[in-house]
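Okay, structure first, notes after.
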Amino acid sequence: METFCKNLPKIELHAHLNGSLSESTLKQLQRIKNVDNDDISNFKFDHSKSTSECFAVFKIAQALTDTPDAVKLATSLTLQEFNDDGVLYMELRSTPRRNPKMTKVQYIQSMVDAIIDTSNLIEMKTCVLTSIDRRNTVEEAEETIIATIEMAKKYPHIIVGIDFSGDPHIGIFGDFTKILDTSRCAGLKVTVHAAEIPNEKETLEILEWKPDRLGHVTYNSERNAGSKHLWNAILKSQIPIELCLTSNVKCGTVKSYADHHFKQFFEAKHPISLATDDKGVFGSTLSEEYDICAKTFDLSEEQLWNISYNAISQIFANDDIKQNLSSKLIEFKNNNFKSMT
Ligand code: 6MZ
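Note that the working numbering has the sequence shown beginning at 25, numbered continuously upward.
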């Protein structure tokens, strides 16, 4: 099963750049910056921690990606790693930061440059989502959206959407809807982290706003601090959900893999994809996520293929890219499952 999961062409729709940095990438960035401290030994979770501890560790990576060159290098190395794991298409998300050494536009440009420079070296196709951090102000979000719209005009095939993320204990989704409407009017798709902590009122508001995709959706029903009404509203919405099993287990928002809400959404035939979230922090590749999912929920290779194939319709890139991914997944199926119809 492990080899199958590695070979299966996969679609990664929920990966945060600074949470995805591997130890070797962090070390390279440290060398370039000439810093030598053991901060990075605290980056990867070797056991489960709380959500708050999780949000503290991102700062370790962000301190190393504070110039355009560092953002570009971090992006290039991360793309290479996802490609080597058999990812065929990914949407890489990151919160553009402004500091005395770079503007938000330069931050986004660095990600784009890394994608363009690696495009001839790797098979994986990558698009960018810029993240709005809910801990920050609406003015800061506005700045990010203006920068994203400007860059999306220049690189419409690379910059495809906005992600709403950050520590769910801080900030209110409703404060950001006007500014998110602006990005939608500019043709950008939007994915929103929802129900990472119990907050039925906010989750219902998010559903009402109708994002193009949702992340996590952990506290979703009577069985986990939600209600039947909430569960029915999620299913009725048919909004695809990005599920990150290891991330949720390691942040302690689900008790174990067996308790993960993958099972309920899968059985309800709700559109879902599997994703890593922060592979550097949680120490799990997308192949490993597929493998864990298969072993925990007793899935066949055909069912895993279906999960990957169905994710194509959920991507934010255009129909040509969808068509191309579809052909590659069908080719894999024809070569690997002679008996599949
Ligand atoms: C919510 C998360 C997250 O943007 O600097 N982030 N937001 N829930 C999660 N689940 C654990 N994992 C990561 O990457 C790091 C940032 O992504 C968001 C947080 O805002 C974090 O600071 P970038 O590339």
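No residue lacks a Cβ here, since even glycine has one placed at the ideal position from N, Cα and C.
As the structure is a prediction and not an experimental result, all values here were calculated from the model.
Status (buried if at least 16 other CB within 10 Å, exposed otherwise) for residue i
i	result
Ile56	exposed
Thr365	Confidence in Thr365 is poor, its pLDDT being 48 and thus under 50, which makes the residue's placement unreliable; the coordinate value appears in the next sentence. Its Cβ having fewer than 16 others within 10 Å, Thr365 is exposed.
Leu97	buried
Phe106	buried
Arg237	buried
Lys83	exposed
Ser245	buried
Ser337	exposed
Ile13	Coverage of the chain is limited to positions 25 through 365, which leaves residue 13 absent and any answer about it impossible.
Gly198	exposed
Ser207	buried
Lys178	exposed
Asn31	exposed
Glu36	buried
Asp109	buried
Val95	buried
Thr89	buried
Asn272	buried
Ile230	buried
Gly304	buried
Near the ligand 6MZ: residue i beta-carbon under 7 angstroms from a heavy atom
i	result
Asp137	no
Thr119	yes
Gly190	yes
Ser261	no
Asp62	no
Gly302	For the sequence presented, residue 302 should be read as Asp rather than Gly. Yes.
Leu267	no
Cys275	yes
Gly195	no
His40	yes
Phe82	yes
Ser155	yes
Gly185	no
Glu47	no
Cys317	no
Ser271	yes
Gly43	yes
Glu372	In this structure the chain extends from 25 to 365, so residue 372 is not present and cannot be described.
His217	yes
Gln86	yes
Whether residue i touches residue j by CB criterion (8 angstroms)
i	j	result
Ala171	Leu116	no
Leu267	Tyr281	no
Pro192	Ile221	yes
Ser251	Glu291	no
Tyr113	Met148	yes
Phe289	Ile263	no
Phe188	Val152	no
Glu163	Lys128	no
Ser44	Asp302	yes
Leu50	Ile64	yes
Met126	Thr91	yes
Pro33	Ser332	yes
Pro120	Ile132	yes
Thr75	Cys275	yes
Residues bridged to residue i (per DSSP)
i	result
Tyr281	In DSSP, Tyr281 forms no bridge with anything.
Asp157	Ser189
Ile296	Ile265
Asp301	Ala39
Ser118	Thr154
Met175	Paired residues: none, contrary to the question.
His240	Ala218
Asn61	Paired residue(s): none; Asn61 is not in a bridge.
Tyr131	The partner list for Tyr131 (beta bridge, DSSP) is empty, contrary to what the question assumes.
Tyr113	Ile35 and Lys149
Asn123	Met126
Ile183	Val152
Lys213	Gly185
Distance cut-off 7 angstroms: residue i Cβ against heavy atoms of the ligand MG
i	result
Gln130	Only the ligand 6MZ can be found as ligands here, which leaves the ligand MG out of the picture.
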